[in-house]
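*Asks:* I have a structure here, written as structure tokens, and I will follow up with some questions on it.
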Amino acid sequence: MMKSIRKYLLIIAAALLTITLSACGTKVTAEEAINKTNEASKNLKNTEFVSSNISEIIVGDQTQKIENKVSGSLILEPFTMHATTEIKAQDKTQTLEMYIKDNAAYAKATGQDTWVKSSNNNITAQFENLKKLANSEQVMEFYKKIAKDFKIAEEKGNYVLTYSGNGDQFKELMVAIANSSGGQAVNANAFNNVDFKNVTIKLVVSKDFIPISNETIMEIATKNAAKPTTMKITQNTSYSNVNKVTSIDLPEAAKNANEIGRN
């Protein structure tokens, strides 16, 4: 169960990362909007979100498709979260409902009727990493560097920022994401055998700068591999009740959860 919790934390982390990239600006140039994004993201205190991720992995003539969906709400200070995660792969579906509250994780997985609780330091230490992902300075600094390549437009009364590109500069983004996720520090050399073939980004915000949705599509391929591998990742995230989530309460059943994975 401990390994399962860690796996779902990584999936939730990917969803949270997009939140900081969507709180962007006004009818200005794309570069100004990205700079305002950096400032606006610092004011994000809580939100509800729905995030879906579809990964298509092609190895030789074989294709594997993995879908996951995370929906929930979070409060950054003190870090509190409720998330329901669904993973579909190879005609199997797994779900996990999780709460993070008062430095403890509560979880109930597919087929289980009871909740489990963990206050293990290895788990709780990842809470801070999840919080970093909701306000990642490294990632935002990367977006500022490519801001001149974004386009800005108005659609249906909202502001829309779009980007399309490729190349080794995305190594820096992957390093930022990996290092924000915790664990061993990595550098750009870790992605030397990765070819970033195409990356597109679409951020939509309301006129009063509230994030509405974020879509990122990335196509990458391995270089110099015995079996060429291509991966296409599509992630969509939408937001509601930004800075209006006042509390996240544990259900009664979770309050009586069995403790596992003690230090």
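So the sequence shown is residues -23 to -1, 1 to 240, counted in mature numbering (1 follows the signal peptide of the UniProt record, and there is no 0).
Ideal Cβ positions, reconstructed from N, Cα and C, are used throughout, including at glycine.
Would you call residue 60 buried or exposed, if buried means 16 or more other Cβ atoms sit within 10 Å of its Cβ?
*Replies:* Counting Cβ neighbours within 10 Å, residue 60 comes out buried, since at least 16 surround it.
*Asks:* Expressed to the nearest angstrom, what Euclidean distance is found between the alpha-carbon atoms of residue 23 and residue 133?
*Replies:* Taking the straight line joining both Cα atoms gives about 25 angstroms.
*Asks:* To the nearest angstrom, how far is the alpha carbon of residue 210 from that of residue 64?
*Replies:* Cα-Cα distance, rounded: 15 angstroms.
*Asks:* When the distance is taken between beta carbons, is residue 222 closer than 7 angstroms to residue 34?
*Replies:* No, they are not a contact pair.
*Asks:* Does the segment 34 to 46 come close enough to the segment 7 to 22 to have 3 or more Cβ pairs within less than 8 angstroms?
*Replies:* No, because fewer than three Cβ pairs between the segment 34 to 46 and the segment 7 to 22 fall closer than 8 angstroms, the two stretches do not touch.
*Asks:* Taking the alpha-carbon positions, what's the residue 139 to residue 128 distance?
*Replies:* About 5 angstroms.
*Asks:* If distances are taken between C-alpha atoms only, which option among 56, 55, 49, 54 comes closest to residue 62?
*Replies:* When only C-alpha atoms are compared, the closest one is 49.
*Asks:* Could you give the first and the last residue of the continuous alpha helix (DSSP H) run that contains residue 17?
*Replies:* That run of the alpha helix (DSSP H) goes 7 to 18.
*Asks:* Would you call the CB atoms of residue 199 and residue 178 closer than 7 angstroms?
*Replies:* No. Outside cutoff.
*Asks:* Check this for me: beta carbons of residue 94 and residue 196, under 7 angstroms apart or not?
*Replies:* It is not a contact, given that the beta carbons lie outside the stated cut-off.
*Asks:* Checking 7 angstroms against the spacing of the C-beta atoms, do residue 83 and residue 234 come in under that value?
*Replies:* For residue 83 and residue 234, yes; Cβs fall inside 7 angstroms.
*Asks:* My guess is that residue 29 and residue 42 are in contact by the Cβ rule of under 8 angstroms, so how many angstroms apart are they, rounded?
*Replies:* With a Cβ gap of about 13 angstroms, residue 29 and residue 42 do not count as contacting.
*Asks:* When the Cα of residue 217 is compared with those of 228, 227, 232, 189, which residue comes out closest?
*Replies:* Among 228, 227, 232, 189, the Cα nearest to that of residue 217 is on 189.
*Asks:* With DSSP as the reference, label residue 118 as helix, strand or coil.
*Replies:* Looking at residue 118 - three-state DSSP - the assignment turns out to be helix.
*Asks:* Mapping the DSSP letters down to three states, classify residue 100 as helix, strand or coil.
*Replies:* It is helical.
*Asks:* With 16 as the cutoff for other CB atoms within 10 Å, does residue 141 come out buried or exposed?
*Replies:* Answer is exposed; the Cβ neighbour count stays below 16.
*Asks:* Return the Cβ separation of residue 122 and residue 8 in integer angstroms, given the expectation that the two are a contact with Cβ distance under 8 angstroms.
*Replies:* Contact flag wrong, Cβ pair sits at about 10 angstroms.
*Asks:* Taking C-alpha atoms, which residue in 55, 71, 118 lies nearest to residue 16?
*Replies:* Residue 16 has its Cα closest to that of 118, out of 55, 71, 118.
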